[in-house]
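Asker:
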Amino acid sequence: MANSLFLEGLIENDRGKLLAAPKSDLHNHSTKGCSLAWVEERTGHSFPMPPARFDGLEGMQKWFTSTVKPFCTGCEGIVMRWEGAFAEAGRNNITRLAMNFGAEEIELAGGMADFRELIEGFHTRYCPDTVFEPELTYISKCDIDAAADSMDEYLQTGYFKSIDVCGGENVRPFEDFLPLYRKAERYRLIKRMHVGESGTADDVRRAVELLELDEVHHGIGAAGSKDTMRFLADNHIRLNVCPSSNVMLGYAGDYKDHPIRTLVDNGVEVTINTDDLLIFNSSIENEYLLLYRAETLTAEQLEEIRLRGLSPGPGKDDKHEE
Ligand SMILES: [Zn+2]
Numbered sequence: 022m023a024n025s026l027f028l029e030g031l032i033e034n035d036r037g038k039l040l041a042a043p044k045s046d047l048h049n050h051s052t053k054g055c056s057l058a059w060v061e062e063r064t065g066h067s068f069p070m071p072p073a074r075f076d077g078l079e080g081m082q083k084w085f086t087s088t089v090k091p092f093c094t095g096c097e098g099i100v101m102r103w104e105g106a107f108a109e110a111g112r113n114n115i116t117r118l119a120m121n122f123g124a125e126e127i128e129l130a131g132g133m134a135d136f137r138e139l140i141e142g143f144h145t146r147y148c149p150d151t152v153f154e155p156e157l158t159y160i161s162k163c164d165i166d167a168a169a170d171s172m173d174e175y176l177q178t179g180y181f182k183s184i185d186v187c188g189g190e191n192v193r194p195f196e197d198f199l200p201l202y203r204k205a206e207r208y209r210l211i212k213r214m215h216v217g218e219s220g221t222a223d224d225v226r227r228a229v230e231l232l233e234l235d236e237v238h239h240g241i242g243a244a245g246s247k248d249t250m251r252f253l254a255d256n257h258i259r260l261n262v263c264p265s266s267n268v269m270l271g272y273a274g275d276y277k278d279h280p281i282r283t284l285v286d287n288g289v290e291v292t293i294n295t296d297d298l299l300i301f302n303s304s305i306e307n308e309y310l311l312l313y314r315a316e317t318l319t320a321e322q323l324e325e326i327r328l329r330g331l332s333p334g335p336g337k338d339d340k341h342e343e
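In the working numbering, the protein residues as written are 22 to 343.
Here you go:
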């Protein structure tokens, strides 16, 4: 039984059982979605382990660009990392995978048709039974009007299932992003955004209300407000939480007092995800194990979270059917 396999894996500290149980990863930046071991194997170069803590997002970026990126750069490097992300999904039995891609990465792969063929090839090769949901992502500092104009080219194909904005919070008002989210609505995408990672509960609530988000990437700032947590719980807005990312970037103190516990205690629906496996070096089964060992959440709570991640949220099913 798949259910007991996962519970047993946690309780017995049996990584094999955790790897074998079906899991989701719904907050995954594709170009950093492979493991360090994958890049080591492909390049023959061995990397130092990441530090326990980075100096914020900037420190993380600096570490990545100086330590890892020089060995897997350009189009070839990105394709290698994409391939590794699908290999990881196969290795870790990730049966529902949402991975995000930027427009410039699609162009780097030769445009939408070539990109799709390449990605579908990796999907078929490494994890054909995985439900794969590509996400189109824009950085918060992007030229929004230009982005909104060029979105149709990517969305008309029906390949993308969700939209995201990432790359730093509070760099401009939420209203500025309306053209992107209006278009996403027209194509019936799941609407997500990185918010409440460094930002506040109020930021999370305003972003959800204004942009009509279906889900939030991170959202841990919501734990600072009972009202916001009730609002998220009542409206079934899921938070796609990434514990190691939060701890290593200093947005959470430690695993044992990670805000996910407060969120769960207040009825907020969460999922557990990797964010950037290549940087944080913590694969999905390890994220569950870290929270279990720190006694942040019980095995039963983690099992409930695992099962939730395997299906789209309430009201999202129709978006997937068309
Ligand atoms: Zn992220």
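A virtual CB, placed ideally from N, CA and C, is assigned to each residue, including glycine.
What you are looking at is a predicted structure, and each value in this text was computed from that prediction instead of being measured.
Beta-carbon within less than 8 Å of Trp84's beta-carbon, same chain only, minus the 5 sequence neighbours each way: which residues are those?
Answerer: One-based indexing of the sequence shown puts residue 84 at position 63. So the list reads Pro71, Pro72, Phe75 and Ile300, once near-sequence residues are dropped.
Asker: Taking its Cβ as the centre, do 16 or more other Cβ atoms sit within 10 Å of Asn34, making it buried, or is it exposed?
Answerer: Position 13 of the sequence shown holds residue 34. Exposed.
Asker: Where does Val229 land, buried or exposed, given buried means 16+ other C-beta within 10 angstroms?
Answerer: Here residue 229 is taken as the residue at index 208 of the sequence shown, counted from 1. Flag for Val229 reads buried.
Asker: When every heavy atom of ligand 1 is checked, does at least one fall within less than 7 Å of the C-beta of Asp296?
Answerer: Sequence index remark: in the sequence shown, residue 296 carries index 275 (1-based). Within the cutoff, so yes.
Asker: Which residues does DSSP list as the beta-bridge partners of Ile293?
Answerer: As a position in the sequence shown, residue 293 is number 272, starting the count at 1. According to DSSP, Ile293 bridges with Val262.
Asker: Which term fits Ala134, buried or exposed, when burial requires 16 or more other beta carbons within 10 angstroms of its beta carbon?
Answerer: Here residue 134 is taken as the residue at index 113 of the sequence shown, counted from 1. Ala134 comes out exposed.
Asker: To which residues does DSSP link Ala119 through a beta bridge?
Answerer: Position 98 of the sequence shown, counted from the start, is the residue given in the question as residue 119. For Ala119, which the question treats as bridged, DSSP gives the partners Glu154.
Asker: Asp149: buried (16+ other C-beta within 10 angstroms of its C-beta) or exposed?
Answerer: Along the sequence shown, read from residue 1 onward, the residue named residue 149 stands at position 128. At residue 149 the sequence reads Pro, which differs from the Asp that was named. It is exposed - the Cβ of Pro149 has fewer than 16 other Cβ atoms within 10 Å.
Asker: Compute the beta-carbon to beta-carbon distance between Gly220 and Gly245, rounded to the nearest angstrom, for a pair I have assumed lies under 8 Å.
Answerer: By 1-based counting over the sequence shown, the position of residue 220 is 199. By 1-based counting over the sequence shown, the position of residue 245 is 224. In this structure Gly220 does not touch Gly245 by the C-beta definition: roughly 10 Å separates them, more than the 8 Å allowed.
Asker: Under a Cβ-count criterion, where at least 16 other Cβ atoms within 10 Å of its own Cβ denotes burial, should Thr151 be classed as buried or exposed?
Answerer: To locate residue 151, count along the sequence shown from 1; it is residue 130. Looking at its Cβ environment, which holds 16 or more other Cβ atoms inside 10 Å, Thr151 is buried.
Asker: How should Leu39 be labelled, buried or exposed, when 16 other C-beta atoms within 10 angstroms of its C-beta is the threshold for buried?
Answerer: The residue you call residue 39 lines up with position 18 of the sequence shown. Buried.
Asker: Residue range of the beta strand (DSSP E) that Asp185 falls in?
Answerer: The residue given as residue 185 occupies position 164 in the sequence shown. Element bounds for Asp185: Ser183 to Cys187.
Asker: If you drop the 5 nearest sequence neighbours on each side, which residues of the same chain put their C-beta closer than 8 Å to that of Ser332?
Answerer: Walking along the sequence shown from the start, residue 332 turns up at place 311. Correct list, in chain order: Arg117.
Asker: Check the C-beta distance from Ile293 over to Ile326 and give it rounded, since I have them as a contact under 8 Å.
Answerer: Walking along the sequence shown from the start, residue 293 turns up at place 272. Walking along the sequence shown from the start, residue 326 turns up at place 305. About 6 Å separates the two Cβ atoms, so the contact holds.
Asker: Could you tell me if Cys263 is buried or exposed, where buried requires 16 or more neighbouring beta carbons within 10 angstroms of its beta carbon?
Answerer: Along the sequence shown, read from residue 1 onward, the residue named residue 263 stands at position 242. Buried is the call here.
Asker: For Gly330, count neighbouring C-beta atoms within 10 Å of its own C-beta (all shown protein chains included) and say buried if the count is 16 or more, exposed if not.
Answerer: For the purposes of this step, residue 330 is identified with residue 309 of the sequence shown, where counting begins at 1. The residue is buried, with at least 16 neighbouring Cβ atoms inside 10 Å.
Asker: Ligand 1 heavy atoms versus the CB of His66: any closer than 7 Å?
Answerer: On the sequence shown, residue 66 is found 45 positions in, with the first residue counted as 1. No, the beta carbon of His66 sits no closer than 7 Å to any heavy atom of ligand 1.
Asker: Within the present structure, is the beta-carbon of His279 separated from the nearest heavy atom of ligand 1 by less than 7 Å?
Answerer: Counting from one through the sequence shown, the residue named residue 279 turns up at place 258. Incorrect: His279 has no Cβ contact closer than 7 Å to ligand 1.
Asker: Quick test of your reading: Glu109 and Ser304, contact by CB under 8 Å. State the CB separation rounded to the nearest angstrom.
Answerer: In the sequence shown, residue 109 corresponds to position 88, counting from 1. In the sequence shown, residue 304 corresponds to position 283, counting from 1. Yes, Glu109 and Ser304 are in contact; Cβ-Cβ is about 7 Å, under 8 Å.
Asker: I'd like the list of long-range same chain contacts for Leu28, defined as Cβ closer than 7 Å, with 5 residues on each side in sequence excluded.
Answerer: Translated into the one-based positions of the sequence shown, residue 28 becomes position 7. Excluding residues within five positions, the ones whose Cβ falls inside 7 Å are Ala320 and Glu324.
Asker: Helix, strand or coil, according to DSSP, for Ser25 in the structure here?
Answerer: Translated into positions along the sequence shown, residue 25 becomes position 4. Here Ser25 sits in helix by DSSP.
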